[in-house]
Amino acid sequence: MIQNAAPALRIVLYEGVGSQPLAAPERLELFRALLKKGYQVTRALKDGGVSAIQEGLLLVLGRFTETRPELAESHDGKVTVHVRELGERSPQDVVALVEEVVGELEAKAPGGWKPWFPVIDYDRCTNCMQCLSFCLFDVYGVENKKLKVLNQNNCKTDCPACSRVCPEVAILFPKYKQGPINGDKIDPEDLRREAMKVDISALLGGDIYAALRDRSDKAKSRFSKERDEDRALKERQFCLTKLQKQLDIPDEVLASLPTMEQIQAKAARALGSSEEPAS
Amino acid sequence: MSQVPRVLYCHCAYARVVPEDVKEAVLEGLTASELAFDTVADLCELAAKGDPALKQLAQAPCLKIAACYPRAVKWLFSAAEAPLATEGVEFINLRVLNAETALERLLAPELTTVIEAESTAILEETA
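One line per chain: the protein sequences are A and B, in this order.
All residue numbers for the first sequence refer to full-length UniProt numbering, where the first residue is 1 and numbers rise by one.
All residue numbers for the second sequence refer to full-length UniProt numbering, where the first residue is 1 and numbers rise by one.
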């Protein structure tokens, strides 16, 4: 699922030895402003433990009481440390300073990602491939015979449909509003609903995809005789809305449902092309 | 001697799933404290980008994470190939805890043992 492993610029507000700490309200405003812009910000104190950085860019801000070099490097050259004096800058001016440094260093700015993607709970996933089969956008793939999120940027924002078809409630969307899809605990009622989902599928002829397509085809056929495209579209929409709501399926997904054969072939291909783990 | 916990706060910048007042109050309390801490605009972003910072955090022997549901946080770290240890990690769920409780747990000098149902109960009390 990883887009790239390049670390983002990390900002450190240094308030340890050789610096003047900021007043609490000023510190709050500074964190607020930088977080709003998408930056990672660390507060470093003399004895406080924070996460180390092993490669990339570190921008250290502070009210230093001694002169500091503007640039330093780690012994292996993997970390470059850029130091800037805060002075009496306002939080907005500090943000401008940070953005200036980002521009100068051609550093990777925050953002440029899609805040909607599935996360797999491998404590629950049974590798059944239902999600891979269901997803039309190739979000999922198989690596070493294990289901993985390989193309997270292909995921359709606000579509948790793969999570809904997962029989094990193993797919999370952390930014979804409701549990258990958002990662909340799974209770017996959730598991009962999963069982019901299978029953619904069976009632529809064992193939929910075919049922959806049939409904769509029937609507098209019936209304094509009447030659009333507006009514046909309305009726088609009406027929699909109920199931669509149940599964939270976006329109574009419904518009391009694959056949059962295509679905099965896709899962088989993914499993077949998965490489064995290197020994 | 017990380890001083590292503190990670997620601002959940790209969605309105964490109550704004909780986020703000926790950030305010944290910045007014005497603690060193890490903040990220959005933990999902770090996971999506496989940021090495998550590996560094996951290696901390004692870590408090103020973010969202523990199951989501656990598997976000895992997705970034930075699996969290099974012990020594405390999840502070800003989606369900009120600000006071979240901050109390975040600023406590040691990890807090919490009964699983507690977070839900607190939410119901405040509703």
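Glycine included, each C-beta is placed from N, C-alpha and C at the ideal position.
List the residues of chain A whose Cβ lies closer than 7 Å to the Cβ of residue i, in chain order.
i, result
"residue 100 (chain B)", "Here the premise fails: no neighbours, minimum Cβ distance about 17 Å."
"residue 72 (chain B)", "119, 172, 174, 182 and 183"
What is the DSSP secondary structure of residue i, reduced to helix, strand or coil?
i, result
"residue 85 (chain A)", "strand"
"residue 40 (chain A)", "strand"
"residue 228 (chain A)", "Confidence in residue 228 (chain A) is poor, its pLDDT being 41 and thus under 50, which makes the residue's placement unreliable; the coordinate value appears in the next sentence. Looking at residue 228 (chain A) - three-state DSSP - the assignment turns out to be coil, as it is neither helix nor strand."
"residue 16 (chain B)", "coil"
"residue 234 (chain A)", "Because the pLDDT of residue 234 (chain A) is 49, which lies under 50, any placement of that residue in the model is unreliable, and the question is left without a value."
"residue 49 (chain B)", "helix"
"residue 93 (chain A)", "helix"
"residue 190 (chain A)", "helix"
"residue 162 (chain A)", "helix"
"residue 150 (chain A)", "coil"
"residue 35 (chain A)", "helix"
"residue 141 (chain A)", "strand"
"residue 80 (chain A)", "strand"
"residue 285 (chain A)", "Here chain A has residues from 1 to 279 only, and residue 285 (chain A) is not among them."
"residue 32 (chain B)", "coil"
"residue 179 (chain A)", "coil"
"residue 135 (chain A)", "coil"
DSSP beta-bridge partners for residue i?
i, result
"residue 92 (chain B)", "B:66"
"residue 171 (chain A)", "A:120"
"residue 19 (chain A)", "A:64"
"residue 10 (chain A)", "A:40 and A:58"
"residue 38 (chain B)", "A:42 and B:8"
By Cβ distance below 8 Å, which residues in the same chain neighbour residue i in space, the five residues on each side in sequence not counted?
i, result
"residue 26 (chain B)", "9, 66, 94, 99, 102, 103 and 106"
"residue 65 (chain A)", "18, 19 and 20"
Is the beta carbon of residue i sitting closer than 8 Å to the one on residue j?
i, j, result
"residue 60 (chain A)", "residue 12 (chain A)", "yes"
"residue 160 (chain A)", "residue 176 (chain A)", "yes"
"residue 68 (chain B)", "residue 115 (chain A)", "no"
"residue 77 (chain B)", "residue 48 (chain B)", "no"
"residue 83 (chain A)", "residue 68 (chain A)", "yes"
"residue 46 (chain A)", "residue 87 (chain A)", "no"
"residue 103 (chain A)", "residue 38 (chain A)", "no"
"residue 105 (chain A)", "residue 35 (chain A)", "no"
"residue 27 (chain A)", "residue 112 (chain B)", "no"
In its own chain, which residues sit with a C-beta less than 6 Å from the C-beta of residue i, not counting the 5 before and 5 after it?
i, result
"residue 13 (chain B)", "41 and 42"
"residue 137 (chain A)", "154"
"residue 18 (chain B)", "12, 94 and 95"
"residue 151 (chain A)", "138 and 139"
"residue 70 (chain B)", "91"
Since residue i meets chain A, which of its residues come closer than 8 Å, beta carbon to beta carbon?
i, result
"residue 89 (chain B)", "Simply none; closest approach about 14 Å."
"residue 13 (chain B)", "35, 36 and 38"
Listing by chain order, which chain B residues have their CB less than 9 Å from the CB of residue i?
i, result
"residue 164 (chain A)", "What residue 164 (chain A) touches in chain B: nothing, since even the nearest Cβ is about 17 Å away."
"residue 160 (chain A)", "Ordered by position in chain B, no residue passes the 9 Å Cβ test against residue 160 (chain A), which lies about 13 Å from the chain."
"residue 27 (chain A)", "31 and 32"
"residue 115 (chain A)", "13, 14, 15, 42, 44, 45 and 48"
"residue 149 (chain A)", "79"
How would you list, in chain order, the residues of chain B whose beta-carbon sits under 7 Å from the beta-carbon of residue i?
i, result
"residue 152 (chain A)", "48"
"residue 31 (chain A)", "27, 31 and 39"
Residue i touches chain B at which residues, Cβ-Cβ below 8 Å?
i, result
"residue 24 (chain A)", "31 and 32"
"residue 177 (chain A)", "17"
"residue 110 (chain A)", "41 and 45"
"residue 122 (chain A)", "75 and 78"
"residue 63 (chain A)", "Here the premise fails: no neighbours, minimum Cβ distance about 15 Å."
Excluding five sequence neighbours on each side, which residues of the same chain lie with their C-beta closer than 7 Å to the C-beta of residue i?
i, result
"residue 171 (chain A)", "118, 120, 131, 162 and 163"
"residue 50 (chain B)", "80 and 81"
"residue 60 (chain B)", "6"
"residue 183 (chain A)", "172 and 174"
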